[in-house]
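The structure appears right after this line, and notes come after that.
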Amino acid sequence: MRKPRQLTYVQTIALGFFLVVMAGTLLLMLPVSSAGGEATGFIPSLFTATSASCVTGLVMVDTGTHWSFFGQVVVLVLIQIGGLGFMTIATLFSKLVKRRMSIHERGVMAASISSNGFGRITEITSTIGWGTLFFEGVGALLLCIRFIPERGFWDGLWFGIFHSVTAFCNAGFDIIGNYASLTAYSDDWLVCGTIMALITIGGIGFLVWDDLKRNGLNFRRWELQTKLVIVTSAVLTFGGAILFFFLERNRMNADM
Numbered sequence: 003m004r005k006p007r008q009l010t011y012v013q014t015i016a017l018g019f020f021l022v023v024m025a026g027t028l029l030l031m032l033p034v035s036s037a038g039g040e041a042t043g044f045i046p047s048l049f050t051a052t053s054a055s056c057v058t059g060l061v062m063v064d065t066g067t068h069w070s071f072f073g074q075v076v077v078l079v080l081i082q083i084g085g086l087g088f089m090t091i092a093t094l095f096s097k098l099v100k101r102r103m104s105i106h107e108r109g110v111m112a113a114s115i116s117s118n119g120f121g122r123i124t125e126i127t128s129t130i131g132w133g134t135l136f137f138e139g140v141g142a143l144l145l146c147i148r149f150i151p152e153r154g155f156w157d158g159l160w161f162g163i164f165h166s167v168t169a170f171c172n173a174g175f176d177i178i179g180n181y182a183s184l185t186a187y188s189d190d191w192l193v194c195g196t197i198m199a200l201i202t203i204g205g206i207g208f209l210v211w212d213d214l215k216r217n218g219l220n221f222r223r224w225e226l227q228t229k230l231v232i233v234t235s236a237v238l239t240f241g242g243a244i245l246f247f248f249l250e251r252n253r254m255n256a257d258m
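So in this note's numbering, the last one in the sequence shown is 258, and the numbering has no gaps at all.
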């Protein structure tokens, strides 16, 4: 009897991603997921689940008003899985229950984060898990300083957690409501500064984290990828900010 052919690393990642999106779609279609208590159609649910899993931020319905608390939790879980990768989540769960990873699982995990450090994949995964928990936790606490006085403890806490995770994962989702995003906080340095820091830290990538953890701030010892990511991110961020400042100052080009 022939042994079933094992899926390749890429096939495993693609299948896992497909199952995550479809599970999210089915959950979002449930009446409990909408604020009005009515079932949401397949296309809006599929679009939202795909957008959240791919951390794009595109929506067909307003996240803050259409979805109930349960629906928003589903969206946030999809964002977290999409931001970290489902294999990272699975690996962290395996470590939590003290289960040893197989060679194939290590290979899939390495492929999912584009790492050549096959032998260090468990260590890199730990860095990802603890780093994510730390940065998202600190971000949520900082955002709660603003949101809890405005919205009460529980709503403010949820707003802090949701926007910390979505910013760290570069997802672009918000639950402010009415497609307003963070426009009401355009002059708030606590909110804007926290969101910017989370976007940057989450956006530089896990392999850069690992390199910085091992080599600190010693630029010469950084991997080429780390140097390129850090330098390019700095140039684009600060260079773009300077251009916006001079080209869009006082809405000078608003009527063009």
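For glycine and all other residues, C-beta sits at the position ideal for the given N, C-alpha and C. If you're wondering where the values come from, they're calculated on a predicted model, not measured in any experiment.
Same chain, Cβ closer than 6 Å to residue i, five either side skipped, listed in chain order
| i | result |
| --- | --- |
| T65 | F175 and I177 |
| V63 | P46 |
| L192 | R148 |
| A142 | G162, I163 and S166 |
| T27 | S47, L48 and A51 |
| I150 | G158 |
First through last residue of the alpha helix (DSSP H) which encompasses residue i
| i | result |
| --- | --- |
| L226 | L226 to L249 |
| C194 | W191 to G205 |
| S183 | Neither: S183 is in no alpha helix (DSSP H) and is coded neither H nor E. |
| R216 | F208 to N217 |
| Q82 | F71 to L86 |
| F166 | In the sequence under discussion, the amino acid at residue 166 is Ser, which differs from the Phe named in the question. Where S166 is concerned, the enclosing alpha helix (DSSP H) stretches over F155 to F170. |
For residue j and residue i, the rounded distance between their alpha carbons
| i | j | result |
| --- | --- | --- |
| A85 | E250 | Reading the sequence as shown, one finds Gly at residue 85 and not Ala. Each residue's Cα considered, the two are about 32 Å apart. |
| L35 | T129 | According to the sequence as given, residue 35 is Ser; it is not Leu. So the alpha carbons of these two residues sit roughly 33 Å apart. |
| D190 | F247 | 17 Å |
| F221 | Q227 | 12 Å |
| Q74 | L159 | 14 Å |
| M31 | A37 | 12 Å |
| F164 | V233 | 29 Å |
| Y181 | V22 | 26 Å |
| N172 | T239 | 15 Å |
| C194 | I203 | 14 Å |
| V15 | M24 | Residue identity differs from the one stated: residue 15 is Ile in this sequence, not Val. Those two C-alpha atoms are separated by around 14 Å. |
| R223 | R216 | 9 Å |
| C146 | G179 | 17 Å |
| V61 | W132 | 30 Å |
| L184 | L245 | 21 Å |
| G154 | S188 | 21 Å |
| K2 | G18 | Residue 2 is absent from the model: the chain starts at 3 and stops at 258. |
Residues near residue i in its chain [Cβ-Cβ closer than 8 Å; skip 5 each side]
| i | result |
| --- | --- |
| E152 | G158 |
Neighbourhood of residue i by C-beta distance below 7 Å, restricted to the same chain and skipping five residues each side
| i | result |
| --- | --- |
| E225 | D213 |
| L29 | S35 and V76 |
| W69 | S35, S36, A37 and V77 |
Stretch-stretch touch, CB-based, cutoff 8 Å, three pairs: the stretch 77-89 with the stretch 155-174: At 8 Å Cβ cutoff, the stretches touch.
Given 8 Å, three or more beta-carbon pairs between the stretch 137-148 and the stretch 196-206: Put simply, the stretch 137-148 touches the stretch 196-206. At least three CB pairs are less than 8 Å apart.
Meets three-Cβ-pair contact criterion under 8 Å: the stretch 36-53 and the stretch 9-20: These segments do not touch.
Runs of alpha helix (DSSP H) wholly within the stretch 41-69 (minimum 4 residues, chain order): 44-55 and 65-68, all fully within the stretch 41-69.
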